[in-house]
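Residue numbers (numbering that gives the first Met the number 0), protein chains in the order written: chain A, 0 to 306; chain B, 0 to 306; chain C, 0 to 231; chain D, 0 to 231.
What follows is one structure encoded as C-alpha cells, with my remarks underneath.
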Amino acid sequence: MLKPAKRFNCDLMQFLSNVLTDIRSNRFLNIITIMTIALSILLVSVFMLFFENTGRVLSAWKQGGRAMVYLNDSFTPAMLPNVKEQLISTGSIEKMVFIPKTQALERLKREIGSKTQFLSTLQENPLPDAIEITMTTHSSFDRLQKAANQIEALDIVDTIEYGQGWLGRFFKLFNLFKMTGYAMSGLFLMIALFITANTVRLTFYARQTEVEIMRLVGATDRFIKTPFYVEGLLQGFLGGVLGIAILLTGYLTLSSGISQNLGAYVYLDIHFLSWPAVAIILSSSTFLGWFGCFISLKQILRPCPVK
Amino acid sequence: MLKPAKRFNCDLMQFLSNVLTDIRSNRFLNIITIMTIALSILLVSVFMLFFENTGRVLSAWKQGGRAMVYLNDSFTPAMLPNVKEQLISTGSIEKMVFIPKTQALERLKREIGSKTQFLSTLQENPLPDAIEITMTTHSSFDRLQKAANQIEALDIVDTIEYGQGWLGRFFKLFNLFKMTGYAMSGLFLMIALFITANTVRLTFYARQTEVEIMRLVGATDRFIKTPFYVEGLLQGFLGGVLGIAILLTGYLTLSSGISQNLGAYVYLDIHFLSWPAVAIILSSSTFLGWFGCFISLKQILRPCPVK
Amino acid sequence: MSTNRGKANIIRLFNVTKRYGGKLALNNITLDIEPGEFIFISGPSGAGKSTLLKILYLAERVSEGQIVIDGINLARISSQRLPFLRRRFGMVFQDFKLIPNRTVFENVALVLKVAGKNPSYIKKKVMHVLRVTGMEKKANHLPPTLSGGEQQRVAVARAVVGEPSIILADEPTGSLDSESARRVLNLLLGYHQNGATILIASHNIAQMDCFSRGRNISLEDGKLKRISTILC
Amino acid sequence: MSTNRGKANIIRLFNVTKRYGGKLALNNITLDIEPGEFIFISGPSGAGKSTLLKILYLAERVSEGQIVIDGINLARISSQRLPFLRRRFGMVFQDFKLIPNRTVFENVALVLKVAGKNPSYIKKKVMHVLRVTGMEKKANHLPPTLSGGEQQRVAVARAVVGEPSIILADEPTGSLDSESARRVLNLLLGYHQNGATILIASHNIAQMDCFSRGRNISLEDGKLKRISTILC
Ligand SMILES: Nc1ncnc2c1ncn2[C@@H]1O[C@H](COP(=O)(O)OP(=O)(O)OP(=O)(O)O)[C@@H](O)[C@H]1O
Ligand SMILES: Nc1ncnc2c1ncn2[C@@H]1O[C@H](COP(=O)(O)OP(=O)(O)OP(=O)(O)O)[C@@H](O)[C@H]1O
Ligand SMILES: [Mg+2]
Ligand SMILES: [Mg+2]
C-alpha cells in the first residue's frame, strides 16, 4: 500500500530535479526573463507608488475644502446643539466649529489690519454668527453640492459659502487626475504584459530545438508544458520579488532624502505600497511569468507536428 | 576614374541588400524587437505627456498666487506711475491692478453682506490704497519671497500680503512633484533601455550560430557588426515611430473624450508632445536600438575565438 | 512476389507521395514490411531515404497516399495519440537531433522519462545502452563536446533504449569507424533477433555486413527502383 | 625520416597538446607538412581527428605546444589578424556549420563577400562551385531543407570557393554515396593539382580512392600512432 505514495514522491522529486536541470541549463535565458519581469514590475509599482502618494497629498488639500454656514438673525447660542444636529443629518460633514459673531469681528479686525482703528468705534456688531464645517474627504463634488443645498434650505441658515467655483474645479481636476492615473496604470500593466510575453517568446524561440526534439521522442504536450509553466511561475515570482526589492531600496533612499530636505517646509505623508498592493504585485508578476509561457507554448505547440 | 565611385555604389547596394536579407530572414526576431522598443517608447512618452500636462495644469494654479501690496497714508494717486515703476524694477511681476481705497471699501461691503448697513454710516474710509499684483509663473518660491521683501522695503509700501503659508507649501509641493516626475522619467527611460538591451541580447542569442559561422569563414568583427548596427538603428527608429503613432492615436481618442465630458466644467489645456519632444523620443529610440546592439555585440564578439 | 505471407504486415505504404514545394521527395511508393524484417534503404544522396523514414515516424506528413502501421492508419492519428505512437518507434536521425544543453545521460533518459518509467529503472537501462554503444564514460558530457562518431552513438543509444518494436535508423554508422560501426550493427541485430522490425537507410550498402535475412529497398529520385533480397 | 626536404614546411606542429577538462584530445603531436601535400588523417571515433583540424584552423586554441603555419606562429596571432589568416584556409566542418536561415547561395557566397570580392565575380564563382558539387539546382534552398548529403556538398563548395591554399576537410564524404563522393574527391584533387595543401580527416581510409602521392597520419586516443605513405 505504500507504493503509490512512494511513486508519487519519486515522481515529484524527479519532476523538481527536471525543472532545476532546465533552469540550470538555460541560465542566461532565465536571468534575462527574470530581469525583464522585475523591471516591468518595478515600472508598474513605481507608478503606483507615485500615483498613490500624489493622490494622498491632493486629497489632503481637498480636505481643506471647508464651508461657512452663515446663520440668520433669529439664531441664539441656545439653539446651537439643535442646529448642529440638523447639519449632521445632511451627512458629508466631518467637523463643525461654531464661530460667534464677536469672534468673527475680531478676526475681521485682524484681517483688515491693526492700522485701521475704525472697527473699534462701531456700536453694533454687523456680522452674523457662523459655523465653519469641514466636508468629508470621500465625498464627490456633486454630493457636496447636494448637501450644501440641503443646508441652505434650513430655516436657521442665511447662506452657505463653499467655494462653489474653486472647489468644483479642484474636484473635477482631481477626478481627472485619478482617472488618468488608473488608465495609465492599466496601460503600463499591459505594456509590461506584452514585453514579458515577448521576452518569454524569445527565450522559447531559442529553446525551440529542445521542444521539437522532446516531441520527436514521444513527449506529450503536457509533459513538455508542465516544466515550462513551473519555470514561468517561478520566474514571474522571482521577478516580482526582485522588482519590489529594487523599489523598496529606492523608496527608502529617496524618502529619507526628501524628509531631510523638505520635512521642515512641507509635511508629506509618503507611504510605501500597502501589503495588499504588494500581494497584488507579486501575484501579477507570477501571472506575468505564467502568461508569457501560455502565449509562447500556444505558438510552439501547434496541433500539427513540426519538423 | 569612374571605377571607385561605381565600386562604392555596388558595395552600398550589396550592403543594403545584405541588411534586407538579414531582416527578412529574421522576421520574427525583428518584429519582437521593434515591438519591445515601441512599447518602451510608448511607456516613456505616455508618462512624459501625462507629466507635462499635469505640470501645465498645476502651473496655471500657481499663477493664481497673487499678492496685495498695501500702500501707506502718504500715497496719493499722482504717485502711482512712480510706484508701479518701482515695483516693476523688482522683477517677478506679471500684472498690476491699482485698487483705490474707495473701491476696496465697496468690495468689503459686498463681502460682509448686504444685511449689515453699518459701513455706509462711516464718516471716513478706514482702508488703505492697494495694488494687486500677479507674480510671474516661472518664479520659484524663494525668488518670490525675495521680491516680496524688496517690495516691502519700499518707502511707500506699508505691508505686502502674498499667502506666505499657503503659497509656500504649494510651491514646495509643486517642485517635489516636478522632481519626482523627472526622476521617474529617468527611471522609466533606464528601464526601457535595459529591457530593450535584454531583448536585443536575446535575439542575438538566437543568432549566435550565425555570428559564429561568419567568424569561422573569416569575417572581421566589423563585417559582422555593421549590418547588426544598421538593423539596430532601423529597428530603434521604427519602434519609436510605432510607439509615437500608438500614443498619438490614444491621445486623440482620449482628449476628444475628455473635452466632450469635462469641457463644460474645467478648461483643460491638454497638449500633445511638442515637436522637440517627438524628435527627442525618436532619437532616443534609435539610440535604444543601437545601444542594444552595442551591448549584445560586446558580449558575443569577445576577443577570444568562440568554438 | 506475394507480400502476404504468414504474419500480418506491420508497415504498409499505398501510393505514398511526399512533395516539398514542387519537388517530389517520394514518388508513388507502395511497400509492405513484415514484422521482424531487416530492411536496408539505399540510394544516392537526395533519393528520399530520410524522407521515407520521417514519414513513417510521422515527423512529416505525406502529401498523398496512405500509411498503415500495425493496423493504424497514420492519416487518422490525432495529435493527442501521436506521442504514444512514436514511443513504439526508435529513430536515429541523420543529424542526430540531440538536445545540446542536456547531458548524454539526460538525452537518452528522456525517452524513458517521457514514457513514465521509474528513476531506478531509467538509470540502469540508460547506463546499459551507453555501455553497449561505448559511450558510458561520456554520460555526463554535453552533446556539442562530443566527436561526430560519439554523437552518433548517443543517437543510436537513444533510439534503442525504449526497446521499440520498430527501429528506424537513418545512416546510423555514417560517422563511425569500422570497429564502432560493427558494434552498432551488432546491437541492432540483437534487437532484430528479439523480434524488432528494423529499417536502416544508408547511402552505401556495401559498407554493411551481411545478415541472415535482409531486404534492400533501393530508391532513386524519390521512386522505388528495386527491392532485392540480400544473400551473402 | 628527414622532414626538411626541398620546400619549406607549410604546417609545423611542435609538441601540440589539446586538453578538454581532464581529457587529452591531442597528446603531444609533432608533425611537419609540406606545401602541396595530400594528407589523410585517420583513426577511430574520438581519436582527435576533428580536434587536429580545428586547432589548425584556430577554431580552438592549443593547450600546449606551438603551431607554425606558413611561417606564422599561431600563438602570436592577434584577434584582428585571425580572420585574414582563416581566409587562406578552406574548412569543411564535420557538422557542416551552414547558416540555417540563409540560402545555399548566400552560405557559399559569404566567404567571398567577407573577402570583399565584387558581386559579379561572386555570382559567377559561387554558381561554378555549386555546379561542380552538383548543388546548382538547390542554390536558393535553405540548408535545413536539404538532405544530409546535399548539406555536405554545400559545405565542400563553401570550403573551396575562396580558392584557399590549404583545405581542411573533416569527413567530407561521410554522408555521400560513392558517386557523389568521387565527385567531391575529384574536386579536391583538382585543387591539389593546382598546388593546394589538402588535409582530409576520415574514419575510414579504405573508402578513399588512391591518389598519386598521399600520406596517412593515423591517430589513436589523441596520440600520433603512425605516419605512412599511401601507394596503390
Ligand atoms: N523540408 C524540405 N523542404 C524542401 N525540400 C526537402 C525537404 N526535405 C528534403 N527535401 C528534399 O527532398 C529530397 C530527398 O531528401 P532526403 O533527405 O530524403 O534524401 P536522402 O535520400 O536522405 O539523401 P542523403 O543520403 O543525402 O541524406 C532532397 O532533394 C531534399 O532536398
Ligand atoms: N569541446 C569539447 N569538450 C570536451 N571534450 C571534447 C570537446 N571536443 C572534443 N572533445 C573530446 O575530444 C575527443 C576527440 O574528439 P574529436 O572530435 O577530435 O574526435 P574525432 O577523431 O573527430 O572523432 P569522430 O571520428 O567521431 O569525429 C573526443 O573524445 C571528444 O569527446
Ligand atoms: Mg538522408
Ligand atoms: Mg570528428
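Positions of the beta carbon are idealized from the N, C-alpha and C atoms, including for glycine.
query                                                                                                                                                                        : result
Give the straight-line distance between the Cα atoms of Leu-218(C) and Ile-54(C), rounded to the nearest whole angstrom.                                                     : 15 Å
When you compare the CB positions of Gln-150(D) and Ser-174(D), do they come within less than 9 Å of one another, or not?                                                    : yes
Is there a C-beta anywhere in chain D that falls below 9 Å from the one on Glu-230(B)?                                                                                       : no
Between the Cα of Ile-10(C) and those of Leu-167(C), Val-155(C) and Gly-42(C), spot the shortest distance and give me the residue it belongs to.                             : Leu-167(C)
How would you call Met-47(B), buried or exposed, if buried means at least 16 neighbouring beta carbons within 10 angstroms?                                                  : buried
Mind checking Pro-76(A): buried by the 16 CB within 10 Å criterion, or exposed?                                                                                              : exposed
Over the uninterrupted alpha helix (DSSP H) stretch that includes Arg-152(D), give me the two end residues.                                                                  : 147-160
Is Asn-8(C) buried or exposed, if buried means 16 or more other CB atoms sit within 10 Å of its CB?                                                                          : buried
Considering only heavy atoms of ligand 3, list every residue whose Cβ is less than 7 Å from one of them, following chain order.                                              : Lys-48(C), Ser-49(C), Gln-93(C), Asp-169(C), Glu-170(C), Ala-200(C), Ser-146(D), Gly-147(D) and Gly-148(D)
Here's a check: name, in chain order, each residue in its chain whose Cβ is nearer than 8 Å to the Cβ of Arg-182(D), leaving out the five neighbours to either side.         : Val-131, Thr-132 and Gly-133
Could you tell me whether the stretch 210-219 of chain B touches the stretch 30-44 of chain B, where touching means 3 or more Cβ pairs closer than 8 Å?                      : no
Return no unless some Cβ of chain F is closer than 9 Å to the Cβ of Leu-215(A).                                                                                              : Looking for chain F here will not work: the only protein chains present are A, B, C and D.
What is the residue span of the alpha helix (DSSP H) that Ile-121(C) lies within?                                                                                            : 118-131
For Ser-284(B), which residues from the same chain have a beta carbon less than 7 Å from its beta carbon, with the 5 sequence-adjacent residues on both sides left out?      : Ile-36, Ile-40, Gly-235, Phe-236, Gly-238, Gly-239 and Gly-242
Does the separation of the CB atoms of Asn-215(D) and Ile-38(D) fall below 9 Å?                                                                                              : yes
With respect to 8 Å, is the separation between the Cβ of Ser-174(C) and the closest non-hydrogen atom of ligand 4 below this value?                                          : yes
Could you tell me the distance, in whole angstroms, from the CA atom of Leu-232(C) to the CA atom of Leu-52(C)?                                                              : Chain C is shown only over 0 to 231; residue 232(C) falls outside these bounds and no answer can be derived.
Straight-line CA distance for Arg-152(C) to Gly-189(C)?                                                                                                                      : 16 Å
Report the rounded CA-to-CA distance for Ala-152(A) versus Asp-72(A), giving the unit in angstroms.                                                                          : 16 Å
For Trp-274(A), count neighbouring C-beta atoms within 10 Å of its own C-beta (all shown protein chains included) and say buried if the count is 16 or more, exposed if not. : exposed
At the 9 Å Cβ level, is Asp-31(C) part of the contact set with chain D, yes or no?                                                                                           : no
Using a C-beta cutoff of 9 Å, does Asn-25(A) count as contacting chain C?                                                                                                    : yes
With 9 Å as the C-beta to C-beta threshold (strictly closer), list the residues of the stretch 26-39 of chain A near chain C in chain order.                                 : none
DSSP has Lys-22(C) in a bridge; who is on the other side?                                                                                                                    : Tyr-19(C)
So which of Phe-27(B), Thr-179(B) and Ser-258(B) has the shortest CA-CA distance to Thr-53(A)?                                                                               : Thr-179(B)
Could you tell me which residues DSSP pairs with Tyr-69(B) in its beta bridges?                                                                                              : Ala-129(B) and Thr-158(B)
What is the DSSP secondary structure of Leu-223(D), counted as helix, strand or coil?                                                                                        : strand
Could you tell me whether the Cβ atoms of Val-43(A) and Ala-191(A) are closer together than 9 Å?                                                                             : yes
Chain B partners of Arg-86(D), CB-CB under 9 Å?                                                                                                                              : Val-216 and Gly-217
Closest by CA to Lys-224(C), which one among Lys-22(C), Lys-17(C) and Leu-30(C)?                                                                                             : Leu-30(C)
Is Ser-44(C) near ligand 1, in the sense that its beta carbon is under 8 Å from a heavy atom of that ligand?                                                                 : yes
For Asn-148(B), would you say it is in contact with chain A, using Cβ-to-Cβ distances shorter than 9 Å as the test?                                                          : no
Taking 9 Å as the threshold (beta carbon to beta carbon), is Ile-294(B) in contact with chain A?                                                                             : no
With 16 other CB atoms within 10 Å as the buried threshold, where does Leu-251(B) fall?                                                                                      : exposed
Extract the residue ranges of the beta strand (DSSP E) inside the stretch 46-86 of chain C, only unbroken runs of 3 or more that lie entirely within it.                     : 63-68
Using 9 Å as the limit for Cβ to Cβ distance, is Gly-221(C) near chain D?                                                                                                    : no
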